[in-house]
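The letter at position 137 of the sequence shown is residue 200 when you use our numbering, and the numbering goes up by one with no holes.
Don't be surprised by glycine CBs; every beta carbon is placed ideally from N, CA and C.
Given the structure is predicted, the values throughout are model-derived calculations rather than measurements.
Scroll down for the structure; my scribbles are underneath it.
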Amino acid sequence: MPRADITPAEVTGPLPGWRPSSRFARRATLRRSWRLLSSFRFEQSDPAVFYGGIAADSAAMIADFYQDITGRDLAGATVLDVGGGPGYFADEFARTGARYIPVEPDPSEMHAAGLSVAGAVRGSGMALPFRNDAVDICFSSNVAEHVPDPWLMADEMVRVTKPGGLIVLSYTVWHGPFGGHETGPWHYLGGEYAARRYRRMHGREPKNRFGTSLFAVGAADGLRWASATSADVRALFPRYHPSWAWWLVRIPLIRELLVSNLVVVATK
């Protein structure tokens, strides 16, 4: 299970925090939070609606961070999306002028939405099939909780990013309300119990099977990686919260319950 007993030094030591005047901090309003959170009801029934909204928000978020760090927009930048799935994010990044490359290990997932993304790569996030210093931006959204070693994946993201480039890792926190995905809220009683209950209620296995394709990853785990990585960590914040609530990341135990999705922003 994820640890919550991380020390204060591990939280605050390497983390100056994102500047209050940053573009994304101004964008992170209560209205945005409500729009994103309300879309979760469509994740299973109409994934294009859910992932379309997440894609638009992700492209805007990364454009803001990249502008703050480099002074440039995304035009011409290479964006590697680790766990890009069926390609819902491709059009949004194309609108920014970026070169978008999704990496996905599961061929059935790559074709699940009937989309075709030029340059899509089949590969594991834990062993990215790219050379060192290959991309301007390496991004992963809601993937770390689906791999058995998310921090190896995070290290790989740093490895393939160019010096001065941007790394953005966003993942679902296990003890948050969405931690069990479609098996929630029963995941609070244990991932295996939640999976068994889902099978009993629906007559089929959940898409996200605990211990196989869904793992318990805590907020403190991300903070610990941030304190140890060679990358320059610029911000840690709860993705779906307005900026005035970002302080929740710094409170042990509370962050595990209320930080439903943790974002780690770093440069190399």
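Asked	Found
Simplified DSSP state of Thr133, which is helix, strand or coil	helix
Arg222 versus Pro211 - alpha carbon distance	19 angstroms
Pro305, DSSP secondary structure in three states	coil
Ala39, DSSP secondary structure in three states	A query on residue 39 cannot be resolved here, the shown segment of the chain reaching from 64 to 331 and no further.
CA-to-CA distance, Ala123 to Ala153, given in whole angstroms	13 angstroms
Residues near Pro305 in its chain [Cβ-Cβ closer than 7 angstroms; skip 5 each side]	Ala91, Thr92, Leu93 and Ser96
Own chain, CB closer than 6 angstroms to Ala85, minus 5 neighbours either side, in chain order	The residue you asked about is not Ala; residue 85 is Ser in the sequence shown. Result list for Ser85: Asp131, in chain order.
Three CB pairs or more closer than 8 angstroms across the region 237 to 257 and the region 311 to 325	yes
Whole-number beta carbon distance between Phe273 and Ala283, since they are thought to touch under 8 angstroms	With a Cβ gap of about 20 angstroms, Ala283 and Phe273 do not count as contacting.
Within the region 239 to 319, ranges of the alpha helix (DSSP H) (whole runs, at least 4 residues)	254 to 265 and 282 to 291
Three-state secondary structure assigned by DSSP to Phe113	helix
Straight-line Cα distance separating Asp199 from Asp136	12 angstroms
Spatial distance of Leu252 from Asp169 (CA atoms)	29 angstroms
Buried versus exposed, by CB contacts within 10 Å (16 or more), Ser203	buried
Local conformation of Leu99 per DSSP, three classes	helix
Sufficient close CB pairs (3 or more, under 8 angstroms) joining the region 258 to 269 to the region 221 to 237	no
Cα-Cα separation between Thr330 and Pro248, rounded to whole angstroms	35 angstroms
Proximity winner among Lys225, Leu191, Arg318 and Gly266, relative to Ala197 (alpha-carbon distances)	Lys225
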